[in-house]
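Student:
Numbering (our numbering), first residue to last: 2 to 173.
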């Protein structure tokens with residue numbers, strides 16, 4: 002397994018709409034495993050293929066306490082909704098359905114349906130937004146979104162500066 006690079010906002014590749022998974026083969030199973038490893042290391046509870054620059058309709062998630070229940074959703078769709086996080090370090094409220102019924106395929110192509118609620122329902126809806134090229138910041142006001150973009154750009158520049166300083170120090 003390999004850890005993949007997670008794209009960060011405002012990377013335009015995050016806006017790419019994912020295409021359906023058509024090949025249910027070993028490469029898909031390896032990608033799902035790599036995505037799970039990446040998600041656990043991040044750490045997170047869900048990851049869409051779009052976030053690792055693979056524009057296929059594939060989501061992995063594990064909302065269990067002990068990280069012992071990995072789930073893979075290929076070509077997911079939400080069948081019913083009831084009721085009414087690639088941006089590191091930024092959190093805000095987004096209203097989502099509290100309970101959903103979803104249909105997807107596993108890595109072998111077998112269709113399944115699942116009822117989700119709580120964190121699992123929120124996680125799947127969030128990751129499905131990524132497959133559509135939509136980010137949670139899209140639900141925020143223009144002002145909040147611009148503040149977040151500027152903060153993240155500043156943070157990236159600071160990290161890059163520190164990395165250059167560290168590399169220069171190691172050179173001596």
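Cβ coordinates follow ideal geometry from the N, Cα and C atoms, glycine included.
Treat the numbers as computed from the prediction; the structure is a model and nothing was measured.
#1: Going by beta-carbon coordinates alone, are residue 112 and residue 30 separated by less than 8 angstroms?
#2: Looking only at DSSP bridge pairs, what is residue 1 linked to?
#3: Where residue 133 and residue 171 are concerned, what is the direct C-alpha to C-alpha distance, given to the nearest angstrom?
#4: Using the rule of at least 16 other Cβ atoms within 10 Å of the residue's Cβ for burial, across every protein chain shown, is residue 218 buried or exposed?
#5: Quick check on residue 159: does DSSP put it in helix, strand or coil?
#6: Measure the C-alpha to C-alpha separation of residue 121 and residue 155 and round it to an integer number of angstroms.
#7: Using the Cα positions of residue 115 and residue 63, report the straight-line distance between them to the nearest angstrom.
#8: Reducing DSSP to helix, strand and coil, say where residue 27 ends up.
#9: Express the C-alpha separation of residue 169 and residue 54 in angstroms, rounding to a whole number.
#10: Indicate whether residue 103 and residue 66 have their beta-carbon atoms separated by less than 8 angstroms.
#11: How long is the line joining the alpha carbons of residue 70 and residue 99, rounded to whole angstroms?
#12: Return the Cβ separation of residue 5 and residue 33 in integer angstroms, given the expectation that the two are a contact with Cβ distance under 8 angstroms.
#13: Around the C-beta of residue 40, are 16 or more other C-beta atoms found within 10 angstroms, so that it is buried, or is it exposed?
#14: Once the 5 residues before and after residue 21 are set aside, which same chain residues still bring their CB inside 8 angstroms of it?
#15: Do the CB positions of residue 72 and residue 15 come within less than 8 angstroms of each other?
#16: DSSP three-state call for residue 49: helix, strand or coil?
#17: Would you report the Cα separation of residue 159 and residue 136, rounded to the nearest angstrom?
#18: Excluding the 5 residues preceding and the 5 following residue 84 in the sequence, name in chain order all residues of the same chain whose CB lies nearer than 7 angstroms to its CB.
Tutor: To lay it out plainly:
#1: no
#2: In the structure as shown, the chain starts at 2 and stops at 173, and residue 1 therefore has no counterpart that could be examined.
#3: 43 angstroms
#4: Beyond the ends of the chain as shown, which are 2 and 173, falls residue 218; an answer cannot be given.
#5: helix
#6: 32 angstroms
#7: 14 angstroms
#8: helix
#9: 31 angstroms
#10: no
#11: 20 angstroms
#12: The pair is not a contact, with the Cβ atoms about 11 angstroms apart (cut-off 8 angstroms).
#13: buried
#14: 57, 58 and 76
#15: no
#16: strand
#17: 24 angstroms
#18: Bear in mind that a pLDDT of 45 at residue 84, under 50, signals an unreliable position, so the number given afterwards is only what the model happens to contain. 98, 99 and 100.
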